[in-house]
Every structure is written in C-alpha cells, then in structure tokens.
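In this note's numbering, the protein residues as written are 1 to 269.
A virtual CB, placed ideally from N, CA and C, is assigned to each residue, including glycine.
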Ligand code: GLU
C-alpha cells in the first residue's frame with residue numbers, strides 16, 4: 001500500500017539523508033558550456049542543507065557534456081573510446097568546478113565513480129556502503145557519477161537516473177530528488193497543449209510508466225522514461241522520490257518544505 005501523498009509531502013522536511021540527481025541538460029547551456037550560475041546555486045543549496053545537518057549525496061552527470069565543451073567538439077562523441085576519453089577530461093573539470101564552489105562555503109566534496117559490477121558484487125557493495133557512511137558521518141558531500149572512462153556495456157548503469165536510484169538504496173536515503181528540465185512528469189509531452197502534470201503518484205501502473213516519452217534535449221542520456229522508472233523502483237523500496245525542475249535548484253527547498261512542486265512518487269509501506 002502506498003502512503004497518503006499529502007502526509008508524505010509534509011514529512012519530507014524530516015528526511016535526513018537525501019540523494020539529489022542533476023543531469024547534463026541542467027548543467028550546460030545550449031552552446032555546451034557549463035552553466036556556472038546554476039551549478040553555483042545547486043552547491044549553495046546543498047551546503048545549506050548540510051548546515052541544517054542533512055546528509056546529502058549528489059549524483060551528477062556532465063562528464064561527457066563538459067568534456068565536449070572543454071575540447072571544443074561540435075558533436076557529442078559517439079564511439080566508446082571517444083566517449084571514454086571525453087569523459088576522462090570532463091569529469092576532472094566537473095569536479096574542479098564542484099570543489100571550488102563547495103570550498104567557497106567551507107564544505108568538502110568527495111568523488112565516487114561507480115560501475116554496476118561494483119554495486120552488484122556483495123563484497124565490493126559493502127565497501128562502497130562503508131565509504132558513503134564514513135563520508136556522510138564526516139559531513140562530506142559525496143559526488144557520484146558513473147565511471148564513464150572504464151565502463152563498458154557489461155558493467156554500465158547506462159544512465160544516471162538508474163544510478164541515482166541505486167545510490168539511494170546503497171545509502172538508505174529517505175528522499176531522492178531528480179532535477180530535470182521540465183516541471184515533473186506529465187500525462188503527455190509537456191510541449192503539447194492540454195498536458196497535465198502528475199503532482200503525486202501513489203501507484204504507478206505499467207501503462208503510465210510506458211507513456212513517459214523519451215528525452216528530446218539531446219544533451220544527456222535517458223529521458224522521462226528512465227526518471228519515472230528510477231522513481232518507481234525507489235518508491236517500491238520505501239524511498240520517496242520527486243522529479244522536479246532544476247532550472248532553479250532552490251526548488252529543492254520547496255520539495256523539503258512539503259510544497260506541491262514536481263511529481264512525487266510516494267513510497268510504498
Ligand atoms: N555519466 C554520463 C556523464 O557524466 C551521463 C549519463 C547520463 O546523463 O545519464 O556524462
């Protein structure tokens with residue numbers, strides 16, 4: 001049985017451990033350069049949450065997007081080797097940006113690059129869980145991405161929506177927030193007239209899940225389908241999940257205040 005949506009919304013203020021996921025389309029401008037203004041707001045919001053004694057894990061895309069911009073590439077790389085090389089460049093630039101911003105507010109970030117085999121192998125999974133625990137207990141913000149430079153098909157999460165759900169499970173988060181470039185999950189393509197936002201989903205049928213259209217932004221991987229899927233899995237495992245618009249990352253405060261923003265996937269009991 002899913003819990004009552006309005007009651008669960010109000011309880012989000014008590015969520016101590018929160019996983020926030022931001023995608024490439026929210027991190028880079030149309031021209032491919034880093035949106036430093038938005039990343040700056042995101043980091044300030046996270047630091048404020050840590051000041052309130054919340055424990056926050058950031059799952060961030062952008063390694064390939066930022067790498068592409070740094071290397072002045074016209075197109076997103078397509079071959080495995082190209083993607084891995086561009087991600088290797090972009091990931092360190094991305095972390096440099098995050099580290100600088102976190103240190104401005106007196107906070108420390110740490111990088112964790114994961115592949116699926118690590119989280120599926122019982123022994124290494126336990127090590128990763130311990131690493132997260134230790135970092136969070138030290139007030140450090142773990143910043144997670146897929147290890148794109150080594151990941152091949154067999155060990156890939158494939159998209160960071162899936163990764164964010166896996167991380168939420170690893171750290172036993174109470175809340176997963178997925179920031180994207182629309183206000184949440186609509187019953188049809190939001191650019192079509194009459195599209196309506198789902199505010200709360202207590203029981204996601206396969207039919208509604210399948211209706212989630214693919215992303216049209218072309219800047220990252222995944223789309224609404226992977227977000228909805230990740231949120232459904234989280235809700236099934238007892239983690240409340242919200243998809244909302246990352247245009248202004250201060251929306252995270254609204255989610256935590258229990259405002260009706262975005263689409264909330266209400267956890268199952
Ligand atoms: N890990 C990829 C990157 O950092 C992104 C994957 C995704 O957007 O889902 O570029």
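Through-space distance from residue j to residue i, alpha-carbon basis
i	j	result
residue 118	residue 124	6 Å
residue 214	residue 223	The pLDDT assigned to residue 214 is 44, lower than 50, so where the model puts this residue is not dependable; a value taken from the coordinates is nonetheless given after this. Rounded to whole angstroms, residue 214 to residue 223 spans 5 Å at the Cα level.
residue 263	residue 132	27 Å
residue 216	residue 191	Summary for residue 216: the model assigns pLDDT 46, below 50, so the residue's position carries little reliability; its value from the coordinates is reported in the next sentence. The straight-line gap from Cα to Cα measures roughly 11 Å.
residue 46	residue 89	25 Å
residue 242	residue 165	12 Å
residue 260	residue 238	20 Å
residue 23	residue 9	24 Å
residue 257	residue 197	20 Å
residue 104	residue 41	12 Å
residue 63	residue 167	18 Å
residue 107	residue 171	20 Å
residue 75	residue 25	15 Å
residue 122	residue 151	19 Å
residue 116	residue 127	14 Å
residue 18	residue 268	17 Å
residue 185	residue 193	15 Å
residue 195	residue 134	44 Å
residue 129	residue 72	37 Å
residue 154	residue 5	38 Å
residue 57	residue 159	17 Å
residue 157	residue 87	15 Å
residue 183	residue 246	8 Å
residue 199	residue 169	23 Å
Proximity to residue i [Cα-Cα], best of the options
i	options	result
residue 60	5, 43, 256, 193	43
residue 173	20, 6, 10, 7	20
residue 37	161, 230, 248	248
residue 100	168, 39, 175, 229	39
residue 230	266, 55, 11	266
residue 163	149, 233, 122, 202	233
residue 98	157, 27, 149, 155	27
residue 177	102, 250, 85	250
residue 12	240, 76, 136	240
residue 228	194, 161, 195	161
residue 136	50, 225, 153	50
residue 180	235, 244, 155, 154	244
residue 85	155, 15, 149	149
residue 252	6, 156, 48, 199	48
residue 278	35, 87, 175, 15	In the structure as shown, the chain begins at 1 and stops at 269. Residue 278 is therefore absent and cannot be evaluated.
residue 280	157, 175, 255, 158	As shown, the chain starts at 1 and ends at 269. That puts residue 280 outside it, with no answer to give.
message: Under 8 Å: do the stretch 78 to 90 and the stretch 100 to 115 share three or more Cβ pairs, one atom per stretch?
response: no
Ordered list of beta strand (DSSP E) runs contained in the stretch 107 to 166, each at least 3 residues: 109 to 114, 141 to 146
- request: Identify every run of the alpha helix (DSSP H) within the stretch 233 to 259, keeping only runs that are complete inside it and at least 4 residues long; order them along the chain.
  value: 251 to 257
Stretch-stretch touch, CB-based, cutoff 8 Å, three pairs: the stretch 136 to 145 with the stretch 65 to 80: no
- request: Report yes or no: do the stretch 122 to 141 and the stretch 199 to 209 share at least 3 C-beta pairs separated by less than 8 Å?
  value: no
message: Taking 8 Å as the cut-off, does the stretch 27 to 34 touch the stretch 177 to 191 (at least 3 CB pairs, one atom from each stretch)?
response: no
query: Three or more beta-carbon pairs under 8 Å between the stretch 85 to 103 and the stretch 57 to 73, yes or no?
result: yes
- prompt: Residue ranges of each alpha helix (DSSP H) run of no fewer than 4 residues wholly in the stretch 36 to 91, ordered along the chain?
  reply: 36 to 51, 63 to 70
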